[in-house]
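For any residue, its number in my numbering is found by taking its place in the sequence shown, counting from 1, and adding 733.
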Amino acid sequence: METVRGVLAGSQLPRLETQMLLQHVLRVPRSWLIAHDTDPLDPQAVARFQRLAGRRLRGEPMAYLVGQREFMGHEFKVGPGVLIPRPETELLVETALRHLDKPGLDAPRVLDLGTGSGAVAISIALACPRARVVATDVSVQALAVAADNARNLGAEVEFLCGNWYEPIAGQPRFDVIVSNPPYIAASDPHLEQGDLRFEPRGALTDGGDGLGALEIITRGATSRLRPGGVLWMEHGWDQAPAVRSLLQSTGFRQVGSSSDLAGIERITGGSL
Ligand SMILES: C[S@@+](CC[C@H](N)C(=O)[O-])C[C@H]1O[C@@H](n2cnc3c(N)ncnc32)[C@H](O)[C@@H]1O
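1) Is the separation between the beta-carbon of Ile857 and that of Leu876 shorter than 8 Å?
2) Could one say the Cβ of Gly743 lies closer than 8 Å to chain B's Cβ atoms, at least one of them?
3) Beta carbon of Ala953: closer than 7 Å to some heavy atom of ligand 1?
4) Along the chain, where does the beta strand (DSSP E) containing Ala992 start, and where does it finish?
5) State the CB to CB distance for the pair Leu1005 and Leu929, rounded to an integer number of angstroms; the pair is presumed to be in contact (CB under 8 Å).
6) Using only the alpha-carbon positions, how far apart do Glu750 and Met795 sit?
7) Is the separation between the beta-carbon of Pro818 and that of Arg802 shorter than 8 Å?
8) Around the C-beta of Glu932, are 16 or more other C-beta atoms found within 10 angstroms, so that it is buried, or is it exposed?
9) Comparing C-alpha positions only, which one of Arg738, Gly1003, Ser956 sits nearest to Glu967?
10) Between Val740, Met753, Leu790, Arg788, which lies nearest to Asp772 when the distance is taken from Cα to Cα?
11) Sorry if obvious, but does the Cβ on Ala852 come closer than 7 Å to a heavy atom of ligand 1?
12) What I want to know is whether the C-beta of Gly847 ends up closer than 7 Å to one or more non-hydrogen atoms of ligand 1.
13) Where do the ends of the alpha helix (DSSP H) carrying Ala879 lie?
14) Check each candidate in Gly847, Pro914, Val761, Leu774 and name the one with the smallest Cα separation from Gly895.
15) Shortest alpha-carbon distance to Val909 belongs to which of Val878, Ala954, Glu925?
16) Which partner residues does Arg802 have in the DSSP bridge list?
17) Whose C-alpha, out of Ala936, Pro905, Leu759, is nearest the C-alpha of Gly851?
18) Would the beta-carbon of Met734 fall within 8 Å of that of Leu766?
19) Helix, strand or coil for Ser956 per DSSP?
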């Protein structure tokens, strides 16, 4: 009979990934694997592990194989059809929360455009329960996952389907608009590498030079933000100067960028 120790010794995957897949298949914490490393394993569980390990060796993202990814301390359900939340995007949430902390914003309105798994909108709603959070996405599949995540995590978010600002027509203006839109240029070879090969194309690229969605969101924000409201967007490692000039030429003030832990300018924003 196969044991945890045997599976770990025979796996071609990194030890951590083997452990994560075993935990997922056996539904046990890491400590169980250590305490029971010579226990015989159910052959069906071993077969399920082998199938997942084979998919991982063919490049499928770990988050899709285990069906979840941690973001801002919460477990988000993910799957094919929805972007896997990235740690860099936590900067967007933290920046929005700092603005929401300012005095005078009693029941602030927040809009998350292109919500995907709902990671940004739900994290804001959980950290700032007095905020009224609205989130849109063009993908019905993503919105179904986002709604599930909100339910599981106990967050109140209004999810709406449609093209960027279309579904919020007639709504009052917002104090904060955030977005992590598709910003990779269609010609970028990274789209054919790593996890990106498995993620929805429409979540990654605007199909053009990578600035298309950032432009639509910036221009649309001027008539959807209250005076003093802020827009913050995530973008590619080399897009900060272009996004700053876009915001400035659209009439935003206090335009600036913030860097992630790797020192890369990751988000840019401004206020009206
Ligand atoms: C980079 S993903 C971000 C997902 C999530 N906000 C996150 O940070 O993990 C971009 C999202 O924008 C959505 N999207 C793409 N085009 C859109 C459009 N025209 N209108 C609304 N959402 C769109 C995609 O479906 C995708 O969920």
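From the three backbone atoms N, C-alpha and C, an ideal C-beta is built for every residue, glycine too.
Based on what the coordinates show:
1) no
2) Of the protein chains in this structure there is only one, and it is not chain B.
3) In the sequence on display, residue 953 carries Gly and not Ala. Not under cutoff, so the answer is no.
4) The identity of residue 992 in the sequence shown is Ser, whereas the question assumes Ala. Ser992 -> beta strand (DSSP E) spans 986-992.
5) In fact, because the Cβ distance is near 34 Å, the residues do not count as touching under 8 Å.
6) 8 Å
7) yes
8) buried
9) Gly1003
10) Val740
11) yes
12) yes
13) 873-886
14) Gly847
15) Ala954
16) Phe809
17) Ala936
18) no
19) coil
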